Amino acid sequence: MSSTSESATTPPASTPPSDTMVRSKGKSRTGLYVVIAVVVVIIIILSAGYAAGWFKTSSSGTSGSCTPPAGQTLDGAGSTLVAPLMIAWSLAYTASTVDYASVGSGAGISDITQKTVDFGASDAPLNPSQRAAVPSPGVVTIPESAGAAVPIYNLPGLSSTLKFTGQILAAIYLGDITNWNNSALQAVNPGVVLPTASIIVVHRSDGSGTTFVWSSFLSDSNATWNHTLGHATTINWPVGVGSKGNSGVTTTVKSTVDAIGYVDINYALTNGVAFGAVQNPAGNFIEANVTNIESAIADSHPVFPSPTGDWFNFSVLNAPGTHDYPISTFTYVFVYTDVGTAYGSAYSQAKAQALIDFLLWIVSPTGQSYSAPLYYIPLSSAAVTFDDNTIKSVTYNGAAISSCVPT
Amino acid sequence: MTPGNPFPTPSPRRTRRVSKLGDRIFVGVVALATAAIIAIMLALIVVLLYGSRLAITTLGFSYLTGRIWNPEFNIYGILPAVEGTLVTSGIALLIAIPLGLGAAIFLTQHAPTWLRAPVGQLIELLAAIPSIIYGFWGLIVLVPLERNVIEPGLVKYLGWTGLFNATPIGLDVFTASLVLSVMAIPTITAVSRDALAAVPRAQKEAAIAIGATDWEVTRRAVLPYARSGIVAGAVLGLGRALGETMAVLLVIGNHTIIFTSLLAQGSTIASLIANDFFEAATPLEVPTLLEAGLVLLLIALAVNVAARLVLARFQAVGGGAAAE
């Protein structure tokens with residue numbers, strides 16, 4: 041019964057006369073040729089234009105007495121958080137080609153450990169086991185930009201910005217404070233009508249430099265946290281929902297009423313997510329912005345560890361200034377202390393110089409000017425001085441590397 | 002379709018010579034393709050074994066029996082992720098098999114003819130939709146629905162079972178299972194529809210002739226005949242559920258811990274690997290994740306073997322004539 045009706049419907053499908061079929065085929069073939077021709081012409085024009093230097097941003101004549109080595113390609117990998125800034129840098133930097141792979145901080149560290157890249161980037165410094173895994177001659181740690189973690193929340197109908205202390209945030213993430221109308225939370229938010237709802241805690245499910253700074257701050261604020269959970273890029277969270285990436289945490293918090301999460305400041309600002317003010321050591325509740333994070337990093341007068349030393353416990357949290365934001369952090373780049381011995385004879389001196397030039401350029405005023413528009417925090421002058429010395433300490437088979445930084 | 006043959010038949014002598022050489026080449030090529038598949042499979046296992054050797058030698062069986070996953074303190078127990086994988090895939094199958102098979106039965110046995118082809122094609126289209134899209138759908142549509150409507154109801158009426166007592170958040174094991182079931186349904190329907198459509202009409206007509214009802218025809222004549230195809234569909238659906246990564250990661254809540262409530266946050270082996278791999282911070286973490294991959298591979302293998310055994314037993318009991 042079914043087969044008869046099916047066969048009855050099939051013939052009309054194959055009715056169009058062969059004549060029109062041929063013609064339409066010919067027509068589409070011509071169209072195809074036209075498209076191919078147009079594409080070829082565009083490619084020729086663009087490549088000619090490229091050869092003529094259309095796409096170079098005027099910096100072809102590097103002023104100054106030196107000339108940077110030409111035709112070098114530098115490979116970097118790591119942090120996804122710093123990727124937008126790295127990409128901006130690599131596009132703006134013309135002396136060498138810089139390829140940055142946004143693969144995650146952990147992968148960036150393992151790439152530099154395995155010497156598959158010229159520099160690795162991470163939001164967190166090397167932990168003791170990562171440091172032990174780095175082969176001779178070891179790497180230097182270069183803080184190349186800064187940022188901050190902010191608490192974001194989804195409480196519709198709340199008129200004012202919520203205030204948090206480190207103690208309260210730790211208690212929420214430990215699962216000790218489970219309700220929004222908790223008395224401790226109410227005490228620092230007088231006059232705010234808090235909902236009688238359970239707090240839905242959101243954290244990162246993947247390893248992250250944001251988790252590193254967040255857990256460092258909670259460790260500093262709460263002894264229990266410090267003893268049981270510590271600070272690391274991944275935490276064995278006692279409560280909460282894990283979401284992948286800053287974007288995942290933001291999406292979950294945005295779509296879940298009564299949720300709280302933490303993301304990097306540049307993510308919160310570019311996405312327009314509401315975030316809370318956090319109490320600093322001076323007792324003020326600070327809503328993070330580029331200015332008060334920059335001042336926090338300057339005011340904390342960081343005593344940098346040795347470039348080749350252990351940075352795991354280095355922090356710029358809880359700066360003393362009255363208007364400093366307390367959850368600030370550096371992000372880092374790692375390069376070998378001696379690129380000649382690290383990578384072997386295949387690594388040319390010209391490439392070594394190109395690497396040093398690029399690193400000096402990103403910490404220079406020109407490089408740092410790309411930070412603020414992307415909501416990254418420019419380095420303090422103390423950090424720039426430290427970085428300059430660190431980068432210039434990198435050697436090539438034992439000899440100092442001359443540098444020529446484009447402006 | 003056209004009556005005139007556009008290719009004039011060549012002389013028989015030439016045909017034979019070409020076809021002999023051609024056949025040899027053809028057989029060689031397809032044999033090579035088969036060899037390549039086997040080689041890839043073996044290489045996969047070897048790479049996973051080699052990559053995870055450090056974890057296997059360091060942790061031994063404690064890896065398989067460990068109930069805590071905490072890379073920060075170098076504690077690696079895969080049991081929570083195994084639980085998450087088996088529970089989500091199991092619930093997904095429990096939901097997907099009745100729905101998927103039901104749709105296949107309706108489409109092949111009872112649906113009006115004009116409906117069969119379009120709906121069948123729609124289902125095949127659903128089976129081809131990339132899983133990330135199911136994940137988005139789960140996150141945007143299912144999670145709020147779960148959180149505000151379904152889960153409060155489950156807590157209220159089924160909370161006493163212990164399976165549904167937690168704060169309804171929507172991002173949990175149950176939601177992940179539902180997303181997986183939605184992903185498995187089209188696969189199960191598409192494969193079992195083909196199997197059911199292949200049941201000879203004589204088989205059905207014989208049952209109708211002795212006065213069987215629709216239900217009896219389906220149960221006694223159609224389903225036994227299509228059994229191997231239906232099991233194949235279920236195994237394919239299960240395979241999709243076991244290995245699904247992004248859709249699960251988006252909705253399961255990502256907490257690598259042994260759970261007792263279905264409304265708790267969990268993780269599966271695949272979501273654990275996707276979460277931890279790129280930011281693996283300790284030398285032992287990457288090997289442990291590769292070993293997790295090995296465990297997942299073994300689970301998938303075990304499922305396939307089990308399905309084959311079940312099928313073989315059915316065939317032995319139910320009479321070989323019925324199946325294929």
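Residue numbers (our numbering), protein chains in the order written: chain F, 41 to 447; chain E, 2 to 325. All residues carry an ideal CB built from backbone N, CA and C; glycine is no exception. Nothing here was measured: the structure is a model prediction, and the numbers come from that model.
For this session: Check each residue of the segment 345-369 of chain F: if its Cβ is closer than 7 Å to any Cβ of chain E, include it; give the result in chain order.
Result: none
For this session: Rounded to whole angstroms, what's the CA-CA distance from S98 (chain F) to L131 (chain F)? Just pull it up for me.
Result: Confidence in S98 (chain F) is poor, its pLDDT being 43 and thus under 50, which makes the residue's placement unreliable; the coordinate value appears in the next sentence. The alpha-carbon atoms of S98 (chain F) and L131 (chain F) are separated by roughly 13 Å.
Problem set entry | Distance CB(S142 (chain F))-CB(T120 (chain F)) smaller than 8 Å | yes
Problem set entry | Boundaries of the beta strand (DSSP E) in which S185 (chain F) is found, first to last residue | V179 to Y193
Problem set entry | Any 3 or more C-beta pairs closer than 8 Å across the segment 265-276 of chain F and the segment 223-230 of chain F | no
Exercise. In chain F, which residues lie with their C-beta within 9 Å of the C-beta of P288 (chain E)?
Worked result: None at all; the shortest Cβ gap to chain F is about 12 Å.
Exercise. When burial is assigned at 16 or more other CB atoms within 10 Å of the CB, is M42 (chain E) buried or exposed?
Worked result: exposed
Exercise. Beta-carbon separation of I106 (chain E) and A235 (chain E) under 8 Å?
Worked result: no
Exercise. In three-state terms, what does DSSP make of Y158 (chain E)?
Worked result: helix
Exercise. Where does L399 (chain F) sit, in a helix, a strand or coil, going by DSSP?
Worked result: helix
Problem set entry | Cβ of N166 (chain E) within 8 Å of any chain F Cβ | no
Problem set entry | CB of D173 (chain E) within 8 Å of CB of L263 (chain E), strictly | yes
Exercise. How many Å lie between C106 (chain F) and A123 (chain F) at the Cα?
Worked result: 30 Å
Exercise. Quick one: is N328 (chain E) near chain F, going by C-beta distance under 8 Å?
Worked result: No answer is possible for residue 328 (chain E): the residues shown for chain E start at 2 and end at 325.
Problem set entry | Status (buried if at least 16 other CB within 10 Å, exposed otherwise) for P169 (chain E) | buried
For this session: Could you run through the segment 295-319 of chain E and flag, in chain order, every residue whose CB is less than 9 Å away from some CB of chain F?
Result: none
Exercise. What's the C-alpha gap between I133 (chain E) and I417 (chain F)?
Worked result: 34 Å
Exercise. Nearest-angstrom Cα distance between I186 (chain E) and A382 (chain F)?
Worked result: 54 Å
For this session: Tell me whether W277 (chain F) sits in a helix, a strand or coil according to DSSP, three-state version.
Result: coil
Exercise. Under the three-state reduction of DSSP, which class applies to S283 (chain F): helix, strand or coil?
Worked result: strand
Exercise. At least one CB of chain E closer than 8 Å to the CB of S287 (chain F): is that the case?
Worked result: no
Exercise. Mapping DSSP to helix, strand and coil, what is S199 (chain F)?
Worked result: coil
Exercise. Checking contacts by CB at 8 Å: is D215 (chain E) closer than that to chain F?
Worked result: no
For this session: Look at the alpha carbon of T250 (chain F) and the alpha carbon of Q316 (chain E), and state the distance between them as a whole number of angstroms.
Result: 57 Å
Problem set entry | Positions along the segment 130-163 of chain E whose CB lies within less than 8 Å of some CB in chain F | L140, I141, V144, P145 and R148
Problem set entry | Extent of the continuous beta strand (DSSP E) run through D260 (chain F) | Looking at the DSSP string, D260 (chain F) is not in any beta strand (DSSP E); the run it does join, the alpha helix (DSSP H), is G249 to S261.
Problem set entry | Interface partners of N276 (chain F) on chain E, CB under 7 Å | N71 and E73
Problem set entry | Short-range partners of chain E found in the segment 120-141 of chain F, where Cβ spacing is below 9 Å | T120
Exercise. Just checking my contact of N255 (chain E) with G380 (chain F) at CB under 8 Å: how many whole Å lie between their CB atoms?
Worked result: At roughly 44 Å, the Cβ-Cβ gap does not stay under 8 Å, so N255 (chain E) and G380 (chain F) are not in contact.
Exercise. Is the CB-CB distance between R64 (chain E) and G52 (chain E) below 8 Å?
Worked result: Sequence inspection shows Tyr at residue 64 (chain E); the Arg mentioned does not correspond to that position. Their beta carbons are not under 8 Å apart, which means Y64 (chain E) does not touch G52 (chain E) by this criterion.
Exercise. What did DSSP end up calling R68 (chain E) once you bin it into helix, strand or coil?
Worked result: coil
Exercise. Checking contacts by CB at 8 Å: is I240 (chain F) closer than that to chain E?
Worked result: yes
Exercise. Are the beta-carbon atoms belonging to A392 (chain F) and I337 (chain F) less than 8 Å from one another?
Worked result: no
Exercise. Which residue comes first and which comes last in the beta strand (DSSP E) that contains T369 (chain F)?
Worked result: S368 to Y376
For this session: Would you mind telling me which residues of chain E sit closer than 9 Å to A147 (chain F), beta carbon to beta carbon, in chain order?
Result: F278, F279, E280 and A281
Problem set entry | Closest Cα partner of P168 (chain F) within the set E:E84, E:G171, E:F74 and E:A112 | E:F74
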